[in-house]
Amino acid sequence: MDTQLLALLRCPETKGVLRTATPAELEQINVAIRKSAVRNRNGELISELLDDCLICDSAGLCYPVRDGLPLMLTGEAFDTPR
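Each residue of the sequence shown is one higher than the one before, starting from 1127 at the first, in the numbering used here.
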């Protein structure tokens, strides 16, 4: 993810700072996706593994990045797996 773009983006829900997921976090998220344990805020099951995502720590939300583009719609966000 381009660092200049990341510096401009904010969580649409809380206006909090976003960061890219670490490799360990991304693996944890993908494990949860493989187990069919991740639903977005729209209630849709996420089945496509992620290459990247943005995390808002203050909201505990992840925003998927698809084809290099962050999906910054609140309904596309999902809770950060614990």
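Quick reminder that beta carbons are idealized off the backbone N, C-alpha and C, glycines included.
As the crow flies, the alpha-carbon of Pro-1196 is around 23 Å from that of Lys-1161. Within the segment 1139-1198, the runs of beta strand (DSSP E) at least 3 residues long that lie entirely inside it are, in chain order, 1178-1182 and 1187-1192. Exclusion of the five residues before and after Pro-1207 leaves Gln-1154, Ile-1155 and Ala-1158 as the residues of its chain whose Cβ lies within less than 6 Å of its Cβ. For Arg-1208, DSSP assigns no beta-bridge partner whatsoever. Note that the C-beta distance between Cys-1137 and Cys-1179 is not below 7 Å.
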